[in-house]
Ligand code: ADE
């Protein structure tokens, strides 16, 4: 997968050299390039922002450098990337979206700062490529950089060959629209707290059932919204009894 990131703070992306993402880059599973938006400015101050039309606080990113950046990274004669623009006004980023993005050959992230990017940049880009504004959650960050780090981590771990044990993808929280059951390791007893007996029983059927029920209970307690959104055919009789 090819990923381009455009930002006025390329230094934010240093962690993408580390750990499993760094290894995916070294292996060639992920071809990631980070670009400084100011490369596409032409004045001495390398200006990227200006005051908002209509008034209001803060500054807005001017369209010209963004237009040139997108022309360079998504040339009209090449297959278009999917453009992702982190924004608190975007569609929620979910595990389902991570899977969707992991299947794309080329992603292009545009990191806004200040109050955001002039909307015409997105309108123009949409004539050439699919554009999605994405939100990490209902809170406001300084800019899109940290959101891109989060999305890159969620997407990279889904790429084939990145996780040593791909089976862990099947069991983790959100894999089946539910939260994962609690997990334990050695020792069996620690500071008066014991590992649930069933997990030490060796009975794989019982263990699977216990994990399913604990996942359901946790989801009901912490994320009733997820449970309500679960298609009815994802719950069996035993789930309902639990
Ligand atoms: N930029 C600022 N706030 C954001 C958020 N919540 N999600 C994604 N990008 C953002």
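In full-length UniProt numbering, the protein residues as written are 1 to 242. Just so you know, even glycine gets a beta-carbon here, dropped at the ideal spot from N, CA and C.
Residue i versus residue j: straight-line alpha-carbon distance, rounded
i, j, result
"residue 78", "residue 18", "30 Å"
"residue 201", "residue 103", "39 Å"
"residue 101", "residue 152", "10 Å"
"residue 23", "residue 50", "39 Å"
"residue 68", "residue 75", "10 Å"
"residue 217", "residue 211", "10 Å"
Collapsed DSSP secondary structure at residue i in the structure displayed
i, result
"residue 43", "coil"
"residue 102", "helix"
"residue 134", "strand"
"residue 142", "coil"
"residue 77", "coil"
"residue 215", "helix"
"residue 13", "helix"
"residue 61", "strand"
Contact test: residue i Cβ vs the ligand ADE heavy atom, cutoff 7 Å
i, result
"residue 107", "no"
"residue 122", "no"
"residue 70", "no"
"residue 88", "yes"
"residue 7", "no"
"residue 155", "no"
"residue 134", "yes"
"residue 147", "yes"
Own chain residues within Cβ distance below 7 Å of residue i, not counting five before or after
i, result
"residue 15", "149"
"residue 105", "1 and 2"
Beta-carbon proximity list for residue i, same chain, < 8 Å, skipping 5 on both sides
i, result
"residue 10", "34, 35 and 36"
Residues near residue i by beta carbon distance below 6 Å, same chain, minus five either side
i, result
"residue 7", "111 and 145"
Original post:
Is the region 109 to 129 close to the region 80 to 90, with three or more CB pairs under 8 Å?
Top reply: Yes, the region 109 to 129 touches the region 80 to 90.
Original post:
Would you say the region 31 to 48 touches the region 58 to 65, given that touching needs at least three Cβ pairs under 8 Å?
Top reply: Yes, since at least three Cβ pairs between the region 31 to 48 and the region 58 to 65 fall closer than 8 Å, the two stretches touch.
Subject >> Stretch pair the region 215 to 234 + the region 172 to 184: three plus CB contacts closer than 8 Å >> reply: Counting Cβ pairs under 8 Å, three or more are found: they touch.
Original post:
Hey, is the region 140 to 148 in contact with the region 109 to 124, meaning 3+ C-beta pairs nearer than 8 Å?
Top reply: Contact between the region 140 to 148 and the region 109 to 124 is present: 3 or more CB-CB pairs across the two stretches fall below 8 Å.
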